[in-house]
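Chemist:
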Amino acid sequence: MKYNLSEITELIKNRRTIYPKFYSSRKVHKEIIEHLIRNATWAPTHGNTQPWRFKVYREESRKELSVKLGDLYKELTPENLFKEEKLKKIIARPFLSSVAIVICMKRGDNEKIPEIEEVQAVACAVQNMCLTATAYGLGSFWSSPKIIYSDQMKSYLKLKSEDKCLGILYLGYPTIDWPKGQRKPIEYLTEWND
Ligand SMILES: Cc1cc2nc3c(=O)[nH]c(=O)nc-3n(C[C@H](O)[C@H](O)[C@H](O)COP(=O)(O)O)c2cc1C
43 MKYNLSEITE LIKNRRTIYP KFYSSRKVHK EIIEHLIRNA TWAPTHGNTQ
93 PWRFKVYREE SRKELSVKLG DLYKELTPEN LFKEEKLKKI IARPFLSSVA
143 IVICMKRGDN EKIPEIEEVQ AVACAVQNMC LTATAYGLGS FWSSPKIIYS
193 DQMKSYLKLK SEDKCLGILY LGYPTIDWPK GQRKPIEYLT EWND
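Be aware that the sequence shown starts at 43, since it is given in our numbering, and climbs by one per residue.
1. Quick check: M317 and L231, are their CB atoms within less than 8 Å of each other?
2. Cβ atoms of P86 and S108: under 8 Å apart, would you say?
3. According to the neighbour-count rule (16 or more other Cβ atoms, all chains shown, within 10 Å of its Cβ), is M43 buried or exposed?
4. Would you say the beta carbon of W184 comes nearer than 7 Å to a heavy atom of ligand 1?
5. Can you round the beta-carbon distance between M147 and V168 to whole angstroms, since I take them to be within the 8 Å contact cut?
6. Taking Cβ positions, are Y198 and K110 nearer each other than 8 Å?
7. For ligand 1, is there any heavy atom lying closer than 7 Å to the beta carbon of P216?
8. Please state if the CB of S140 and the CB of I60 are separated by a distance shorter than 8 Å.
9. Would T83 be called buried (16 or more neighbouring beta carbons within 10 Å of its own) or exposed?
10. When the Cα of R80 is compared with those of C207, W234, L173 and P216, which residue comes out closest?
11. Using the Cα positions of W234 and R225, report the straight-line distance between them to the nearest angstrom.
12. Leaving out the 5 sequence neighbours to the left and right, which residues in its chain are closer than 8 Å to T91 when beta-carbon positions are compared?
13. For the alpha helix (DSSP H) containing R58, list its first residue and its last residue.
14. Helix, strand or coil for L199? Go by DSSP, reduced to three states.
15. For P216, list the residues DSSP reports as bridge partners.
16. Could you check if W220 is buried or exposed, using at least 16 other CB atoms within 10 Å of its CB as the buried criterion?
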């Protein structure tokens, strides 16, 4: 075996969504964030287009993100779906997290590569980040409120119409015991053809 597979398996199984309300105020150092992003860029990508883009919000800039997310929620949510609780959460999350990384997909100009494959590549990159975060003992939360897919969000992020915002990755040191996950046994989801 070339790598320690039992550790790698443990890492994969232990990656857990942990919400910002469970993060401490301990800061995530810039070097750690850089490590996460560097590992993200080693994800596979069809045609090596490397479509991921990351916009990191730390310190004071978290306020700008929080205000924008709150304003967009108020502006874009139909009255019958608007929830004050949801608004509060959207506004609070950037502050509860030491760092928020907005995940973007920059569409390349090679039209032979389907858009869905660019999105898939970014999702692989995010998984690399989350696994690296887990190794550092950091909780992560991939948040995808509907507003992130809006044109208004795109223009705030200075994305082109063909690009996409895919979510916000919140990170922080948890104050709670590391949560346990649950998965269906593979028999339920695998069809074998021998
Ligand atoms: C693309 C994507 C978007 C997600 N968006 C949300 C979200 O908006 N709100 C949320 O509570 N969880 C979100 N999650 C996290 C899932 O809820 C979480 O991964 C799932 O419950 C399994 O838990 P685990 O991550 O601890 O294994 C998202 C996950 C992915 C992959």
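Positions of the beta carbon are idealized from the N, C-alpha and C atoms, including for glycine.
Modeler: This is what the structure holds:
1. Given that the chain is displayed from residue 43 to residue 236, the structure contains no residue 317 and the question cannot be resolved.
2. No. Outside cutoff.
3. exposed
4. True, at least one ligand heavy atom lies under 7 Å from that Cβ.
5. Between V168 and M147 the Cβ distance is about 11 Å, and since that is not below 8 Å, they are no contact.
6. yes
7. no
8. no
9. exposed
10. Taking R80 as reference, the option from C207, W234, L173 and P216 with the minimal CA-CA separation is L173.
11. 19 Å
12. G150, N152, I155, E160 and A163.
13. Premise fails: R58 is in no alpha helix (DSSP H) and is neither H nor E.
14. In the structure shown, L199 adopts coil according to DSSP, grouped into three states.
15. Y65, per the DSSP bridge assignment.
16. By the neighbour-count rule (16 or more Cβ atoms within 10 Å), W220 is not buried but exposed.
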